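Heads up: the structure comes next, in structure tokens.
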Amino acid sequence: MIDKETPTHTDRQIEVDIPRCHQYSELLSSGAGHERLQRLLKAWVRNNPHYVYWQGLDSLTAPFLYLNFNNEARAFACLSAFIPKYLHKFFLKDNSAVIQEYLGKFSQIIAFHDPQLANHLKSINFVPELFAIPWFLTMFSHVFPLHKILHLWDKLLLGDSSFPLLVGLAILKQLRDPLLMSGFNECILLFSDLPEIDIELCVKDSMTMYQNTPASITYRKHQYNTAKDANWIEPEAGTEKMPRISVDDFLNLYNSSPNKVIVVDVRSNIQFERGAILGSINIPFTSVQLSQTHVDTLGPHAKPLIDNKSSVVVIIGPHDQNNALFADFLVKCNVVGVCSLQGGINALRSKSPNIIVPAR
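The working numbering puts the first residue of the sequence shown at 2, with every later residue one more than the last.
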């Protein structure tokens with residue numbers, strides 16, 4: 002039995018939060034609803050001594066109580082299974098590293114799918130820390146009413162821990178036009194009173210983008226129990242603005258859907274001619290002026306990048322640092338789908354030497 006009665010230091014905050022939690026619901030606004038939500042929250046805190054109560058846990062718990070109003074044990078079991086999968090380490094007393102990594106990955110995902118929006122938000126310094134923390138800390142249950150949350154979570158539960166990142170992007174997609182026309186202050190106002198979000202479209206868009214995003218693009222150090230490429234090396238937090246793709250993901254994509262990948266080799270012309278991936282584009286890193294953020298400055302080779310709408314653009318070179326710099330350059334040029342290959346050409350040569358053939 003879990004002790005749900007003994008007073009704890011979190012009781013006061015819980016008592017403050019519960020009367021504000023989804024009170025339009027007849028069930029949750031009732032006296033019984035308040036009592037049961039309090040017991041669930043106290044039980045979770047008591048059962049997870051390595052975590053603390055953060056505001057938002059009440060919103061996260063409410064949908065499970067709503068669906069299992071007469072079965073607190075099942076509501077608790079649902080919450081206890083949900084948090085480790087989607088909010089691993091979010092409720093640590095010092096969760097700053099976890100939150101910063103998550104928001105950093107969200108920024109990368111925005112830039113991967115919508116570089117124009119990412120560049121605009123960066124130019125006005127409107128960063129995810131200003132709007133997205135309540136989204137992810139409550140898995141959107143603080144943002145949407147219950148009927149929308151239940152529909153969203155039905156699909157969320159089918160995906161892995163990266164799926165919420167694409168839900169966040171799908172919300173931004175619906176707000177894209179006003180965001181692109183807004184400065185910092187207008188964006189703050191927009192998010193302080195969020196416009197009506199079409200949840201059906203949000204679910205549809207997030208699922209489409211999830212299916213079109215290689216798994217390694219979303220890798221996080223603090224993610225929950227997700228297998229990674231055996232050769233994966235975690236880049237230092239905050240050092241790369243663009244995501245990396247694993248060698249395994251790249252090979253799967255290249256072999257199964259070669260029309261959905263554009264390979265840009267940033268090695269020298271001589272290295273490229275000695276051996277390169279069939280169909281790859283050679284744009285030597287040393288020939289690029291990183292301050293000239295226009296793709297057409299790269300010459301005729303850049304046409305596939307200019308025309309790209311949905312392919313994954315993979316930067317391959319000998320150095321992770323140069324790969325990342327060139328990837329960031331392409332994003333500033335509003336090229337869609339940009340990432341760099343983890344480990345570069347050497348990792349690819351080690352894993353699949355036959356994929357590299359003489360260019361001439």
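Even for Gly, the Cβ is constructed at its ideal location relative to N, Cα and C. Owing to the predicted nature of the structure, the values given are computational and were not obtained by experimental measurement.
From residue i to residue j, what distance separates their C-alpha atoms?
i           : j           : result
residue 10  : residue 43  : 10 Å
residue 19  : residue 175 : 30 Å
residue 383 : residue 286 : A question about residue 383 goes unanswered here, because the residues of the chain that appear run from 2 up to 361.
residue 296 : residue 340 : 16 Å
residue 344 : residue 185 : 37 Å
residue 15  : residue 36  : 11 Å
residue 213 : residue 332 : 18 Å
residue 33  : residue 40  : 11 Å
residue 318 : residue 299 : 17 Å
residue 289 : residue 283 : 12 Å
residue 127 : residue 197 : 21 Å
residue 71  : residue 156 : 24 Å
residue 207 : residue 301 : 34 Å
residue 81  : residue 51  : 14 Å
residue 13  : residue 77  : 21 Å
residue 225 : residue 84  : 10 Å
residue 45  : residue 264 : 48 Å
residue 167 : residue 244 : 14 Å
residue 294 : residue 325 : 15 Å
residue 54  : residue 89  : 14 Å
residue 217 : residue 210 : 14 Å
residue 215 : residue 17  : 42 Å
residue 355 : residue 249 : 15 Å
residue 122 : residue 27  : 39 Å
Taking DSSP as the reference, what is the three-state secondary structure of residue i?
i           : result
residue 79  : helix
residue 263 : strand
residue 217 : helix
residue 246 : strand
residue 207 : helix
residue 17  : helix
residue 332 : helix
residue 340 : strand
residue 198 : coil
residue 134 : helix
residue 53  : coil
residue 358 : strand
residue 268 : coil
residue 224 : coil
residue 90  : coil
residue 144 : coil
residue 321 : helix
residue 10  : coil
residue 24  : coil
residue 115 : coil
residue 161 : coil
residue 176 : coil
residue 127 : coil
Considering only residues of the same chain and omitting the five flanking positions on each side of residue i, which have a CB-CB separation below 6 Å?
i           : result
residue 139 : 57, 60, 61
residue 79  : 65
residue 48  : 3
residue 328 : 243, 316, 339, 341
Please return the same chain residues whose Cβ sits closer than 8 Å to the Cβ of residue i, not counting the five positions on each side in sequence.
i           : result
residue 200 : 145, 149, 152, 153
residue 38  : 19, 22, 29, 59, 62, 63, 66
Skipping 5 residues on each side, what residues in its chain have a beta carbon closer than 7 Å to that of residue i?
i           : result
residue 117 : 335
residue 350 : 357
residue 143 : 57, 60, 135
residue 24  : 30
residue 179 : 191
residue 141 : 150, 153, 168
On the three-pair Cβ rule with 8 Å, is the region 209-221 touching the region 102-115? The answer is yes - the region 102-115 touches the region 209-221, with three or more Cβ pairs under 8 Å.
Any chance you could list the alpha helix (DSSP H) runs of at least 4 consecutive residues sitting entirely within the region 272-317, in chain order? Runs of the alpha helix (DSSP H) inside the region 272-317: 304-308.
Inspect the CB distances between the region 304-313 and the region 252-270 and report whether three or more fall short of 8 Å. As far as the Cβ criterion goes, the region 304-313 touches the region 252-270, which means the pair count is three or higher.
Stretch-stretch touch, CB-based, cutoff 8 Å, three pairs: the region 121-140 with the region 185-197: Contact between the region 121-140 and the region 185-197 is present, because at least three Cβ pairs lie under 8 Å.
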